[in-house]
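Colleague:
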Amino acid sequence: MSLAEPAALPVAASAPPRLHIAKRFTTRFKASLPAYLLLLPSLIFLALFTYGAMGRVIIDALYQRATPKAPLRFVGLDNIAAVLADPAFTGAVINNVIYAVGTAVPSIGLALLFALALARTNAVTSALRAALFLPVLIPMVAASALFLFIFLPNVGLLDYYIGRLLPVLPNWLGDPDIALYAIMIITIWKNAGYYMLFFLAGLQSVPEDVMEAAHLDGAGPFMRLRYIILPELKPTFLFVIVIATLNAVTQVDHVFVLTQGGPSNATNLVLFYIYQQAVEHFDVGKASAATMLTLAALMALTALSFRTMANREGGP
Amino acid sequence: MKLIERLYKDAPLATRNEITPKLGFLLTVLLALVWLIPFLWMGVATLRPSSDGINLMAELIPSLKPTLDNIRDAWEIGDFPRYFLNTTIICTGILLVQFVTITLAGFAFARLDFAGKTPIFYLFLMQLMLVPVLLIVPNLSLVVQLGLYDTLAGVMMPFFASAFGTFLMRQAFEAIPTELEDAALIDGASLIQRIRHIYVPLSLPSFSAFAIISVTSHWNDFLWPLMVINSPDKRPLTVGLSVFTKTAEGTQDWGTIAAGTLMVIAPLLITFLIFQKRFISSFVTSGIK
């Protein structure tokens, strides 16, 4: 694979123009060949598991089997219509929106508080940062195993310490009105420390002399936060909101371990619905239609925020 | 308040005579303690003898007669050595292939000029938006078609290429002065030799940052291996733990569940506590993904 291999151009002068263009194309391709060979390993896997997968989702969404063993039949947009008409899907979407907003807002708020408090590095703040970051590192399944006991009725950690103060002991994971909020607590616990890192990084760009000057001018902590720190952190906010939204749709391991979407679909989230359709009901058509809708929504959201971010010049 | 004053001596983004930042700091300290409670419970419950009974299981004050029985039980009930081995194979396998693919692709984007560079670059960029977790259904059917269902290779394969890693390496390679490569070129070094002897050794910090992110995320992966793996002896730690929890939950054996969870998360936690700084900076870097 040598780079400098001068391409011979023998009969170029007498060749008809068409061939000439073709030849120039070949020469350009030959010069690019080493780069293509280097990209090939990556492109093979991306083609199989990303672009190919995307294409298969779209095709699979157009077909349906009457029974798991029956032949595939083209059904057009029927699968999408079926998914949209399925109360379990619309319920999962609503749950997921509540879950996304209800986890993103508190965890981002807490992350900002943590970052502001721990901005300067010393032994104490490092230890506190580590404590807040630990949940990020553990598998969601392990977090769920711990919270399984925390939420256990009567004898669990929550009831043992706080539940005694309540008039009635709630069944945290068993009550359809509470279960979704219970699993949201796990997510907030797990993600706040992660988002904190981005705010910590963002805070480094806040000029200290400006802060000092504002302080001398008599601006209190809230004024400084409102007029100096928050404007500086705007790109970070946008970025963290995107990550938090993606996390809300892709982190569902706790639903698998703790509630299986129940009780009565109260904790069913979109990805769990997709899994149920594909693995439990063998309905690839419906699962693909749901995947397609979710991906389209997420890509639109991400593209929108990336554009906003690009317009603001340089993200975090 | 004296203690807070002392902890707070390098008042972040504020001066000493203001109360609000101090209250924020105090609140953060309290929340950090709350954040540690699940870990604290895990440690205490792991060491608590089962003779203490279920009513004391939630007590955060450690038992006076600590025992290792729970760890032994968990080790015997769940096939943890096997799960560890499987997870290690999965993470190592993914990482090794990723190192090759991201180095080659990263170099192409950083140093070579070729027809269609921009469109291909956007093609890579698209992978960041396509959220791999959501593509589990088509990818499972592909893994089945390839004959890789119920194999560790099937768990690994979708992650062999990494757009994030490619961009990270592209950035690292771009920072290396071209003069170094020119010198090697004069000595007659081939493309692969130049990558191997100049670019790779000078980009080790980026490789280690990528390794941390890659291993952490695949160590913790659950849904995808759950779908690909069927045989109990091929389960990774996360799937093993979830099955283990289900079994022990029925018998109300909370000490054993705590011990099992501890064993699963200990390796990453210990590594983190040793290489704290590097972990944190890697996670900040991963923000670009």
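These protein sequences, in sequence, are chains A and B.
Residues in the first sequence are numbered from 1 upward in steps of one, following our numbering.
Residues in the second sequence are numbered from 1001 upward in steps of one, following our numbering.
Glycine is no exception: its CB is placed at the ideal position from the N, C-alpha and C atoms.
1. For A/Phe133, decide whether its Cβ has a neighbour in chain B, counting only Cβ atoms nearer than 8 Å.
2. Tell me which residues of the region 1265-1277 of chain B have at least one Cβ-Cβ distance to chain A shorter than 8 Å, keeping chain order.
3. Considering only DSSP beta bridges, list what A/Phe74 is partnered with.
4. Output, in sequence order along the chain, the residues in the region 1167-1196 of chain B whose CB is closer than 8 Å to any CB in chain A.
5. I want to see whether chain B comes within less than 8 Å of A/Tyr36, judged by CB atoms only; does it?
6. In chain A, which residues lie with their C-beta within 7 Å of the C-beta of B/Gly1024?
7. Looking at the secondary structure, which residues open and close the alpha helix (DSSP H) in which B/Lys1117 lies?
8. Are the beta-carbon atoms of A/Leu271 and A/Val249 separated by less than 8 Å?
9. Give the interface partners of B/Leu1134 over in chain A, defined as CB-CB distance under 8 Å, in chain order.
10. Do you know offhand how far A/Leu298's Cα is from A/Leu246's?
11. Between B/Ser1242 and chain A, is the shortest Cβ-Cβ distance under 8 Å, so that the two count as touching?
12. Cβ of B/Ala1266 within 8 Å of Cβ of A/Ala131?
13. Assuming the contact rule is C-beta atoms closer than 8 Å, B/Ala1211 and B/Leu1104 should be a hit. Round their C-beta distance to whole Å, please.
14. Is it true that the CB of A/Ala179 sits closer than 8 Å to the CB of A/Ala266?
15. Does chain B have any CB closer than 8 Å to the CB of A/Asp60?
16. Can B/Thr1166 be considered in contact with the ligand NAD, in the sense that its beta carbon sits closer than 7 Å to one or more heavy atoms?
17. How would you list, in chain order, the residues of chain A whose beta-carbon sits under 7 Å from the beta-carbon of B/Ala1108?
18. Starting from A/Gly156, find everything on chain B with Cβ-Cβ shorter than 7 Å and list it in chain order.
19. Label A/Ala66 either buried or exposed according to how many other C-beta atoms from any shown protein chain fall within 10 Å of its C-beta, with 16 as the threshold for buried.
20. What are the start and end residues of each continuous beta strand (DSSP E) run of 3 or more residues lying completely inside the region 77-132 of chain A, in chain order?
21. DSSP state of B/Lys1065, grouped into three classes?
22. Is the beta carbon of B/Thr1092 less than 8 Å from the beta carbon of B/Leu1237?
23. My understanding is that A/Ala145 touches B/Thr1261, with C-beta atoms under 8 Å, so please give their C-beta distance in whole angstroms.
24. From the DSSP output, in three-state form, read off A/His281 for me.
25. Would the region 1070-1088 of chain B count as touching the region 1223-1237 of chain B if we require 3 or more Cβ pairs under 8 Å?
26. Taking a contact to mean a Cβ-Cβ separation below 8 Å, would you say A/Val141 touches B/Ser1203 in this structure?
27. To which residues of the same chain is A/Val255 closer than 7 Å at the C-beta, ignoring the five residues directly before and after it?
28. Distance cutoff 8 Å, beta carbons only. Does A/Met223 sit that close to anything in chain B?
Modeller: For this structure:
1. The residue you call residue 133 of chain A lines up with position 133 of the first sequence. With its beta carbon less than 8 Å from one in chain B, A/Phe133 belongs to the interface.
2. Identification of residues in the region 1265-1277 of chain B having a C-beta nearer than 8 Å to some C-beta of chain A yields Ile1265, Leu1268, Leu1269, Phe1272, Leu1273, Gln1276, given in sequence order.
3. Along the first sequence, read from residue 1 onward, the residue named residue 74 of chain A stands at position 74. Partner(s): A/Tyr63.
4. Of all residues in the region 1167-1196 of chain B, Ser1190, Leu1191, Ile1192 have a Cβ within less than 8 Å of some Cβ in chain A.
5. The residue given as residue 36 of chain A occupies position 36 in the first sequence. Yes, because at least one Cβ of chain B sits closer than 8 Å to the Cβ of A/Tyr36.
6. For this step, residue 1024 of chain B is matched to residue 24 along the second sequence. Per Cβ cutoff of 7 Å: Leu113, Leu116, Ala117.
7. Within the second sequence, residue 1117 of chain B is the residue found at index 117, counting from 1. Segment 1117-1129, the alpha helix (DSSP H) holding B/Lys1117.
8. Residue mapping note: residue 271 of chain A aligns to position 271 of the first sequence, counting from 1. Residue mapping note: residue 249 of chain A aligns to position 249 of the first sequence, counting from 1. Against a cut-off of 8 Å, the Cβ pair of A/Val249 and A/Leu271 comes out as a contact.
9. Indexing the second sequence from 1 puts residue 1134 of chain B at position 134. Chain A residues near B/Leu1134: Val249, Thr250, Leu271, Ile274, Thr291, Thr294, Leu295, Leu298.
10. Numbered from its first residue, the first sequence carries residue 298 of chain A at position 298. Numbered from its first residue, the first sequence carries residue 246 of chain A at position 246. Distance from the CA atom of A/Leu298 to the CA atom of A/Leu246, rounded to whole angstroms, is 7 Å.
11. In the second sequence, counting from the first residue as 1, residue 1242 of chain B sits at position 242. Chain A, which has a Cβ nearer than 8 Å to the Cβ of B/Ser1242, makes this yes.
12. For the purposes of this step, residue 1266 of chain B is taken as the residue at position 266 of the second sequence. For the purposes of this step, residue 131 of chain A is taken as the residue at position 131 of the first sequence. Not a contact, by the Cβ cut-off of 8 Å.
13. Here residue 1211 of chain B is taken as the residue at index 211 of the second sequence, counted from 1. Here residue 1104 of chain B is taken as the residue at index 104 of the second sequence, counted from 1. Between B/Leu1104 and B/Ala1211 the Cβ distance is about 17 Å, and since that is not below 8 Å, they are no contact.
14. As a position in the first sequence, residue 266 of chain A is number 266, starting the count at 1. As a position in the first sequence, residue 179 of chain A is number 179, starting the count at 1. For the pair A/Ala266 and A/Ala179, the CB atoms are nearer than the 8 Å cut-off.
15. Taking the first residue of the first sequence as position 1, residue 60 of chain A is located at position 60. Taking CB atoms only, A/Asp60 has a neighbour in chain B less than 8 Å away.
16. What this structure holds is no ligand at all, so the ligand NAD is not there to describe.
17. Working through the second sequence from its first residue, we reach residue 1108 of chain B at position 108. The answer, in chain order, is Ala35, Leu38, Leu39.
18. Along the first sequence, one-based indexing puts residue 156 of chain A at 156. Simply Ala1058.
19. The residue labelled residue 66 of chain A in the question sits at position 66 within the first sequence. Flag for A/Ala66 reads exposed.
20. Runs of beta strand (DSSP E) with 3 or more residues, each lying fully within the region 77-132 of chain A, are absent.
21. Along the second sequence, one-based indexing puts residue 1065 of chain B at 65. The three-state reading of DSSP puts B/Lys1065 in coil, since its state is none of H, G, I, E or B.
22. Here residue 1092 of chain B corresponds to residue number 92 of the second sequence, with the count starting at 1. Here residue 1237 of chain B corresponds to residue number 237 of the second sequence, with the count starting at 1. Not in contact: B/Thr1092 and B/Leu1237 (Cβ atoms no closer than 8 Å).
23. Numbered from 1 along the first sequence, position 145 holds the residue referred to as residue 145 of chain A. Numbered from 1 along the second sequence, position 261 holds the residue referred to as residue 1261 of chain B. A Cβ-Cβ separation of about 5 Å places A/Ala145 in contact with B/Thr1261 under the 8 Å criterion.
24. The sequence position of residue 281 of chain A within the first sequence is 281, counting from 1. Three-state DSSP puts A/His281 in coil, outside helix and strand.
25. Taking 8 Å as the limit for Cβ pairs, the verdict is that the region 1223-1237 of chain B does touch the region 1070-1088 of chain B.
26. Position 141 of the first sequence, counted from the first residue, corresponds to residue 141 of chain A. Position 203 of the second sequence, counted from the first residue, corresponds to residue 1203 of chain B. The Cβ atoms of A/Val141 and B/Ser1203 do not sit closer than 8 Å to each other.
27. The sequence position of residue 255 of chain A within the first sequence is 255, counting from 1. Here the set comprises Ile183, Gly261, Thr267, Leu269, Phe272.
28. Position 223 of the first sequence, counted from the start, is the residue given in the question as residue 223 of chain A. No - not a single Cβ of chain B is within 8 Å of the one on A/Met223.
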